[in-house]
Amino acid sequence: RLVYVLNGPNLNLLGKRQPHIYGSETLADVEDACRALGKELDLEIRFHQSNREYEIIDWIHAAREQATGIVINPGAFTHTSVAILDALNTFNGTVIECHISNVHKRESFRHHSYMSLRADGVIAGFGTQGYLLSLRRVAKLADEKTG
Ligand code: DQA
């Protein structure tokens, strides 16, 4: 039960970057929390961040044929990247799109997501807890599949 947790541009600065919007936890804190919950849910977590679109695409390709799910916070690529959408469309498992902030409360350019055309579920505005809720959903759907 392998799950990729993928993070896009600027999320390496989580905790320092606009903390009034994204909170004070760092991405390392989020990774630790995901790994702890992963143990509880019997999920092996591969956690990555990149500011480069192609790296995110390469991780999605790596997830193909082996992962049960992808939790992805594509950062600003959410609103721009047909290439990441195309990559997600090659993946057969569960895809959860996760945003720390409530994108719908923010600038109108954040209201549209290419990722949502593929995502099985979308979470926004739950802070970093959204990652944990996303993992719970991936685990639940994997449980349902195996019976
Ligand atoms: C984000 C929301 C995006 O609009 C923004 O570009 C980000 C982070 C979020 O987690 O709330 O980088 O995906």
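For any residue, its number in UniProt numbering is found by taking its place in the sequence shown, counting from 1, and adding 2.
Glycine included, C-beta positions come from ideal geometry on N, C-alpha and C.
Using C-beta distances below 7 Å, list every residue in its chain close to R66, excluding the 5 sequence neighbours before and after it, in chain order.
Correct list, in chain order: T92 and F93.
With a cut-off of 6 Å, give the chain-ordered residues whose Cβ is closer than this to any heavy atom of ligand 1.
Cβ atoms closer than 6 Å to ligand 1 belong to N12, N75, G77, A78, T80, H101, I102, S103, V105 and R112.
If you drop the 5 nearest sequence neighbours on each side, which residues of the same chain put their C-beta closer than 7 Å to that of L29?
N9, L13, N14, L16 and Q51, listed in sequence order.
Using alpha carbons as the reference points, say which of V97, Q68, A64 and H22 lies closest to Y116.
Looking at the Cα atoms, V97 is the closest of the given residues.
Using 10 angstroms around the beta-carbon of I23, count the other beta-carbons present and answer buried if the total reaches 16, otherwise exposed.
Burial call: exposed.
Distance check for I58 and residue 150, CA to CA, integer angstroms please.
In the structure displayed, the chain extends from 3 to 149; residue 150 sits before or after that span and is not available.
Which of the three DSSP states is assigned to residue 161 in this structure?
Nothing can be reported for residue 161: it is not among the residues displayed for the chain, which extend from 3 to 149.
What runs of the beta strand (DSSP E), each 3 residues or longer, lie entirely inside the segment 4 to 50?
Listed in chain order, they are 4 to 9.
Can you give the Cα-Cα distance for L137 and G40, rounded to whole angstroms?
Spanning the two alpha carbons is a distance of roughly 8 Å.
List the endpoints of the continuous beta strand (DSSP E) containing T96.
Its beta strand (DSSP E) spans residues T96 to H101.
Alpha carbon to alpha carbon, how far is D60 from G149?
The straight-line gap from Cα to Cα measures roughly 31 Å.
How big is the Cα-Cα spacing for E27 and R37?
If you take the alpha carbons of E27 and R37, they lie about 15 Å apart.
Leaving out five residues on either side along the sequence, give the residues of the same chain with a beta carbon under 8 Å from the beta carbon of Q68.
Cβ within range, chain order: L4.
Please report the Cβ distance between R48 and Y6, rounded to the nearest whole angstrom; I am assuming they are in contact, meaning their Cβ atoms lie under 8 Å.
Yes, R48 and Y6 are in contact; Cβ-Cβ is about 5 Å, under 8 Å.
Tell me whether the segment 80 to 91 and the segment 108 to 124 touch, counting them as touching only if at least three CB pairs, one residue from each stretch, are closer than 8 Å.
These segments touch.
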